[in-house]
Amino acid sequence: MKDYLLFIDIEASGLPKDWEAPYSEEGNWPHTVQVAWFVYTQDGQEVKQQNHYIRPDGFQVSPESIGVHSLTPEFLNANGENREQVLLRLQEDLQHYRPMVVGHFMQFDFHVLSADFYRAGLPSPFEKLPVFCTMIASSGLTHLPRKKFLRLGELYSNLFHLSLENQHNAVVDARAAAQCYFELRKRRVITDATIQRQQENRYTTQKKPKPGFKSSYSIWLVAGLGAILFILLLFYWL
Numbered sequence: 001m002k003d004y005l006l007f008i009d010i011e012a013s014g015l016p017k018d019w020e021a022p023y024s025e026e027g028n029w030p031h032t033v034q035v036a037w038f039v040y041t042q043d044g045q046e047v048k049q050q051n052h053y054i055r056p057d058g059f060q061v062s063p064e065s066i067g068v069h070s071l072t073p074e075f076l077n078a079n080g081e082n083r084e085q086v087l088l089r090l091q092e093d094l095q096h097y098r099p100m101v102v103g104h105f106m107q108f109d110f111h112v113l114s115a116d117f118y119r120a121g122l123p124s125p126f127e128k129l130p131v132f133c134t135m136i137a138s139s140g141l142t143h144l145p146r147k148k149f150l151r152l153g154e155l156y157s158n159l160f161h162l163s164l165e166n167q168h169n170a171v172v173d174a175r176a177a178a179q180c181y182f183e184l185r186k187r188r189v190i191t192d193a194t195i196q197r198q199q200e201n202r203y204t205t206q207k208k209p210k211p212g213f214k215s216s217y218s219i220w221l222v223a224g225l226g227a228i229l230f231i232l233l234l235f236y237w238l
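full-length UniProt numbering numbers the first residue of the sequence shown as 1 and each following residue consecutively.
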């Protein structure tokens, strides 16, 4: 078990068009516009907190996303930092504390940040660290037939009987994820075994490029030749 936990949340410029696409695919993966992280010890002592806005250099923030997190281009240009500098700060803390990285809907944060690291020409630090998702861990708390996972605000309300104010601010959401994690630990919804199971089924930054025309053509060619050979053998034996 790691000595430290790093709770992270991001706000982004949009949503991925294709979750299976490689990070190199132009225009597929959104950009991080705000990232916040909190470092805690295993017993719940806060060690460090960081919050950074990122200037939208070379990309646009979708109107739908602005409607969710209210981070306009004007605000980000006035308050944002250089993307690479923010990523280097995050990388530095991940390398220093070697934590387990925790988030709610961690798959989104993991891939969007990994795409940002790729675009900045930096190796993703997540690949060598354990990651854990409170959304997956708390799936047993929902009793609605068609709802498998709870949103962060729903989980927070379920655990503390309070509404989560100012959601879709990365600072608020990262801290709330930490509060939910420690409460789920206390209730033994999250155990060492739960954490280990997520590591065995974790996602990876190694996304393979999609097969192009040539490789697809080759697959069909091989399949076609195989079918012809089968028919010839069938006639031979008959």
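Yeah, the Cβ is synthetic: ideal placement off N, Cα and C, and Gly gets one too.
Using a Cβ-Cβ distance cut-off of 8 Å, the stretch 148-163 and the stretch 174-194 are in contact, since at least three pairs of beta carbons, one from each stretch, lie closer than that value. Under the three-state reduction of DSSP, T32 is assigned to strand. By the CB criterion at 8 Å, P130 and Q199 fall inside the cutoff. When DSSP states are grouped into helix, strand and coil, A12 belongs to the strand group.
Within the same chain, Cβ atoms closer than 7 Å to the Cβ of A115 are found at Y23, W29, the five residues on either side in sequence being excluded. In the assembly as shown, G103 is a buried residue. Its beta-carbon has 16 or more other beta-carbons within 10 Å. For the pair N82 and E74, the Cα-to-Cα distance works out to about 15 Å.
Under DSSP, Q49 shares a beta bridge with F38. According to the DSSP assignment, F132 belongs to the beta strand (DSSP E) that extends over 131-133. In the DSSP annotation of this structure, the continuous segment of the beta strand (DSSP E) that includes G103 starts and ends at 100-103.
Every alpha helix (DSSP H) stretch that sits fully inside the stretch 113-186 and reaches 4 residues is listed by chain position as 134-137, 152-160, 170-186. For L90, the enclosing alpha helix (DSSP H) begins and ends at 83-97. When beta bridges are read from the DSSP output, I54 appears opposite E81. V33 and R197 have their C-alpha atoms spaced approximately 31 Å apart.
Around the beta carbon of H52, 16 or more other beta carbons sit within 10 angstroms, so the residue counts as buried. Rounded to the nearest angstrom, the Cβ distance from P125 to V39 is 14 Å, too far for a contact under 8 Å.
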